[in-house]
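Trainee:
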Amino acid sequence: MSQTLTRDIRDVANEIHAREIKPAIDAYIAALTAIRGANDPDGPTVDMILACEAAAAKLKGAEGNLRAALFASMKDNGVLDFEYGGMIAAVRAGSTSATIKDEKALRAAAPELFISQPDKLDRAALTKRLKAGMPVAGAELSTGAPTLVIRRA
Numbered sequence: 004m005s006q007t008l009t010r011d012i013r014d015v016a017n018e019i020h021a022r023e024i025k026p027a028i029d030a031y032i033a034a035l036t037a038i039r040g041a042n043d044p045d046g047p048t049v050d051m052i053l054a055c056e057a058a059a060a061k062l063k064g065a066e067g068n069l070r071a072a073l074f075a076s077m078k079d080n081g082v083l084d085f086e087y088g089g090m091i092a093a094v095r096a097g098s099t100s101a102t103i104k105d106e107k108a109l110r111a112a113a114p115e116l117f118i119s120q121p122d123k124l125d126r127a128a129l130t131k132r133l134k135a136g137m138p139v140a141g142a143e144l145s146t147g148a149p150t151l152v153i154r155r156a
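Just so we're on the same page, the numbering used here is the position in the sequence shown counted from 1, plus 3.
1. Measuring only the C-alpha atoms, how far is K134 from D11?
2. Considering only residues of the same chain and omitting the five flanking positions on each side of T48, which have a CB-CB separation below 7 Å?
3. Go through its chain and collect everything with a Cβ distance to G81's Cβ below 7 Å, but skip five positions before and after it.
4. Cα separation between F85 and P149?
5. So what's K131 in DSSP terms, helix, strand or just coil?
6. Name the two residues that bound the continuous alpha helix (DSSP H) containing E106.
7. By the three-class DSSP mapping on this structure, what secondary structure does S5 have?
8. Do the region 140-147 and the region 91-105 meet, that is, are 3 or more Cβ pairs less than 8 Å apart?
9. Ignore the nearest five residues each way along the sequence and tell me which others in S5's own chain have a CB closer than 6 Å to its CB.
10. How long is the line joining the alpha carbons of R70 and A27, rounded to whole angstroms?
11. Count the other CB atoms within 10 Å of the CB of I19; is the residue buried (16 or more) or exposed (fewer)?
12. Just to confirm before moving on: does the CB-CB distance between A59 and Y31 stay below 8 Å?
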C-alpha cells in the first residue's frame, strides 16, 4: 500500500474515532459511572441503554466507512485480497442479476417468467435464462458493484 493511501485510511479512522466513536463511548462511560454511584440505578440504566444504542449505531456507521476506505485503497492499489491476523480481506465481484428495461416487452416475450396471483416476475428464472445466453426482450444481465469481504483464513 502506498504511504498516501495508508495515511488516508488512518485519517478516516482518526476522524471517525474523534467525531463519532469517542463521544458515544464517553456517553456510555458517563452512564456507567452514574449507575455505579446511584442509590436507584434504574434511571441511569435508561441513559446507559440509550448510550449503548447510540454507540452501536455509531460503530455500525464506522464499520461501513472503514470498509469503504479499505475497499477504495485496495482498488487504487490493485490489491484483490490480503491476509492479516488470521483474516482475509478480498474484493469480490458483484452478483449478476437481471435488470428489467421494458416490462411490457419482457411480458410479451416471456410471459411464463411472470408468476401469477399476484402477477410477479420470476427473477431467478429470468437471470438463469439470460446467463444461459438466451436473449429475452426487455431484460439484460447486469453486474452489481463489487464488495469487500472479510472472513476467517
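A virtual CB, placed ideally from N, CA and C, is assigned to each residue, including glycine. None of these values were measured; they are calculated from a predicted model.
Mentor: On the basis of the coordinates in this document:
1. As a first step, residue 134 is located in the sequence shown; it is residue number 131 there, counting from the start. As a first step, residue 11 is located in the sequence shown; it is residue number 8 there, counting from the start. Each residue's Cα considered, the two are about 39 Å apart.
2. Against the sequence shown, residue 48 aligns to sequence position 45. Closer than 7 Å at Cβ, skipping near neighbours: I38.
3. Along the sequence shown, read from residue 1 onward, the residue named residue 81 stands at position 78. Result list for G81: empty, nothing under 7 Å.
4. Taking the first residue of the sequence shown as 1, we reach residue 85 at position 82. Taking the first residue of the sequence shown as 1, we reach residue 149 at position 146. If I take the Cα positions, the gap works out to 16 Å.
5. Taking the sequence shown and counting its residues from 1, the one referred to as residue 131 is at position 128. Note: K131 maps to helix in three-state DSSP.
6. As a first step, residue 106 is located in the sequence shown; it is residue number 103 there, counting from the start. E106 to A112 is the span of the alpha helix (DSSP H), which, as asked, contains E106.
7. Within the sequence shown, the letter at position 2 stands for residue 5. Any reading at S5 is ruled out, since the residue's pLDDT is 47, under 50, leaving its predicted position unreliable.
8. yes
9. Counting from one through the sequence shown, the residue named residue 5 turns up at place 2. With a pLDDT of 47 at S5, under the threshold of 50, the predicted position of this residue should be treated as unreliable, and no value is reported.
10. Residue numbering aside, residue 70 sits at position 67 when the sequence shown is read from its first letter. Residue numbering aside, residue 27 sits at position 24 when the sequence shown is read from its first letter. If I take the Cα positions, the gap works out to 20 Å.
11. Within the sequence shown, the letter at position 16 stands for residue 19. Classification of I19: buried, given that the 10 Å Cβ count is 16 or more.
12. Locating residue 59 in the sequence shown gives position 56, where the first residue counts as 1. Locating residue 31 in the sequence shown gives position 28, where the first residue counts as 1. No, the pair does not count as a contact, with Cβ atoms beyond the cut-off.
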